[in-house]
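Q:
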Amino acid sequence: MRGRNGDFFRERRRSGGKTMIRMIATDLDGTLLAPGGLSMPERNRAALAKAASLGVCVVICTGRLFAGGRKYALTAPGDQPVICVNGAVVRMSRSGAYLRRVGLGPELAREALDHFRAAGAKPWFYVGDACFAEEGSDALEALKRRTGARVEIVPDLAAKCGERPEKLLALLPPQQVRALHGELTARFGPRLYVTRSSERQIEALAPRANKGLALAMVARRFGVAREEIAAFGDNYNDLELFRAAGVRVAMENGEQALKDQADVIAPPNGEGGVGQVVERLLAQSR
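Going by full-length UniProt numbering, the letters in the sequence shown line up with residues 1 to 286, in that order.
1. Indicate whether the contact test is met: 3 or more Cβ pairs, each with one atom in the segment 79–98 and one in the segment 143–156, closer than 8 Å.
2. Using a Cβ-Cβ cut-off of 6 Å (strictly less than) and excluding sequence neighbours within five positions of residue 163, which residues of its own chain qualify?
3. Between the alpha carbons of residue 171 and residue 67, how many angstroms are there, rounded?
4. Rounding to the nearest angstrom, what Cα-Cα distance links residue 89 and residue 60 in this structure?
5. Could you tell me the alpha carbon to alpha carbon distance between residue 159 and residue 113, rounded to whole angstroms?
6. Which runs of the alpha helix (DSSP H) fall wholly inside the segment 75–145 and span at least 4 residues, in chain order?
7. Starting from residue 250, follow the beta strand (DSSP E) in both directions and report where the run begins and ends.
8. State yes or no: is the beta carbon of residue 210 nearer than 8 Å to at least one beta carbon in chain B?
9. According to DSSP, is residue 284 helix, strand or coil?
10. What does DSSP give as the partner residues of residue 29 in its beta bridges?
11. Evaluate the contact criterion for the segment 26–40 versus the segment 268–275: three or more CB pairs, one atom per stretch, below 8 Å.
12. List the DSSP bridge partners of residue 201.
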């Protein structure tokens, strides 16, 4: 693992500084989980469990629904916060209690839905604990297998807009994703938060529904300062997460835009990179 400018850990020791980490916030797919998103490397599980046993708050931060994040949060002891649906929802891992829920207004959701359809997308909605779509697909079946999401098929997504969906998303070829991202940003401006969790997946949420604002809220609630937070990520929707953290760790397999903002580059997700960095952070903090 390396720092953006040399070895972060060696530089910290040489300066005599300590990074007292009291909160670890980690993305799932491409970060904490092995390639394919179906399992967590044992080194990651053990490192996070050790951190939690030492009193460090472990926060799973994911674009998945709560069920898809909770199963990994439960591997750490205690009732830990789970930032899910890309920051629109925050719930506690064991009690299931809500700390945050931010949905799209009905009119805004319908307008965004129209733009997704005009781009040739077949979008989905996340509302509560379910994913709603107008027709089944291999992608939805893969979503169920990978995350445990409950999928419901409805005749018209527009009819669900009154329920203030937390996230609107679609899968498209990478070039179309980039084009639609630009179109939505130009059309809606600050009224809509638009991001990508992979090169093929585009997401639209309420303006204050992002991982960074959710993490800042969790940190305030638990009395943790920004410099006491280490955040791990790999993709564009983790950029906001980095802004809320004092130590920013990008995965070697991650997007260059994220690595450019990182303090530390961790080994790839298939090599338990999160666990390797957490081990060193814990050793340096104590």
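Yeah, the Cβ is synthetic: ideal placement off N, Cα and C, and Gly gets one too.
A: Per the coordinate set shown:
1. Verdict: no, contact absent.
2. Excluding positions up to five away in sequence, the list reads 127.
3. Distance from the CA of residue 171 to the CA of residue 67, rounded to the nearest whole angstrom, comes to 21 Å.
4. Going by the C-alpha atoms only, they are around 12 Å apart.
5. Spanning the two alpha carbons is a distance of roughly 11 Å.
6. Segments of the alpha helix (DSSP H) lying fully in the segment 75–145: 106–118.
7. Looking at the DSSP string, the run of the beta strand (DSSP E) that includes residue 250 is 247–251.
8. Chain labels in this structure do not include chain B; a single protein chain is all it has.
9. The three-state reading of DSSP puts residue 284 in helix, counting H, G and I together.
10. Residue 29 pairs with nothing; no bridge assigned.
11. Two segments are said to touch when three or more pairs of C-beta atoms, one from each, lie closer than 8 Å; by this definition the segment 26–40 touches the segment 268–275.
12. Answer by DSSP bridge pairing, in chain order: 171, 198.
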